[in-house]
Amino acid sequence: MSEFGGRQPVERAEPAGRVGTASGSSAQGGLTARWQAAMMNNYGTPPLALVRGSGAEVWDAEGRRYLDLLGGIAVNSLGHAHPAVVEAVTSQISTLGHTSNLYITEPPLALAEKLLELLDVDGARVLFCNSGTEAVEAAFKIARRTGRPGLVACEGAFHGRTMGA
Numbered sequence: 016m017s018e019f020g021g022r023q024p025v026e027r028a029e030p031a032g033r034v035g036t037a038s039g040s041s042a043q044g045g046l047t048a049r050w051q052a053a054m055m056n057n058y059g060t061p062p063l064a065l066v067r068g069s070g071a072e073v074w075d076a077e078g079r080r081y082l083d084l085l086g087g088i089a090v091n092s093l094g095h096a097h098p099a100v101v102e103a104v105t106s107q108i109s110t111l112g113h114t115s116n117l118y119i120t121e122p123p124l125a126l127a128e129k130l131l132e133l134l135d136v137d138g139a140r141v142l143f144c145n146s147g148t149e150a151v152e153a154a155f156k157i158a159r160r161t162g163r164p165g166l167v168a169c170e171g172a173f174h175g176r177t178m179g180a
């Protein structure tokens, strides 16, 4: 097993620029030390410091290229820096950035309407959440509110950082 937990680099490339500390430590080591000093250690120290991505590939702080089989992970399975995604995000952020769901905005409303159209269930409604934690907690509340006797769950899966999730 390699120092990267069994993951092997796709190829070696020259680093675009060092991002390590001024003390002369490697870029990976510098980022790792900063991470250990600043972040909670809930999953252990990450084995890689990623500094950029393009499509399905990511590069570590030493310039090694990897195939990103997680695609960005969780709800962000968009890959990295795809021109269409960059354009859509740039267009939206230049119009209206993130707002509270206390207000009506067109993008989430249009998405909710499309989801309801695809679902085609009378009386259905959409609840957008920021995380798996919020989605699971909302499911608990909806089940209790509607008198459902139980929930189905996946044992050993990660759905968030609360007791319910």
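With my numbering as the guide, the letters of the sequence shown map in order to residues 16 to 180.
Idealized CB from N, CA, C, for every residue including glycine.
DSSP puts residue i in a beta bridge; with which residues?
i   : result
E72 : S69, L82
H95 : G70
Does residue i come out as helix, strand or coil in the three-state DSSP assignment?
i    : result
L46  : helix
A154 : helix
V104 : helix
R159 : helix
S109 : helix
S138 : In the sequence as displayed, the identity of residue 138 is Gly instead of Ser. Residue state, collapsed to three classes: coil.
A172 : coil
What's the C-alpha gap between residue i and residue j?
i    : j    : result
A180 : T148 : 5 angstroms
R80  : G70  : 12 angstroms
V141 : L130 : 8 angstroms
A103 : T120 : 16 angstroms
E152 : P61  : 28 angstroms
E128 : C144 : 16 angstroms
L166 : I157 : 11 angstroms
E72  : L63  : 14 angstroms
H174 : T161 : 22 angstroms
R159 : M55  : 33 angstroms
D135 : N91  : 26 angstroms
A139 : M178 : 28 angstroms
Hey, residue i and residue j are a contact pair by Cβ (cut 8 angstroms); roughly how many whole angstroms apart?
i    : j    : result
A76  : Q43  : 5 angstroms
W74  : L65  : 7 angstroms
L93  : V101 : Going by Cβ atoms, the distance from L93 to V101 rounds to 10 angstroms, so no, they are not a contact pair.
P122 : Q107 : 7 angstroms
A96  : G68  : 6 angstroms
Let me confirm a value: residue i is counted as buried when at least 16 other C-beta atoms fall within 10 Å, else exposed. Which label applies?
i    : result
A154 : buried
G45  : buried
T47  : buried
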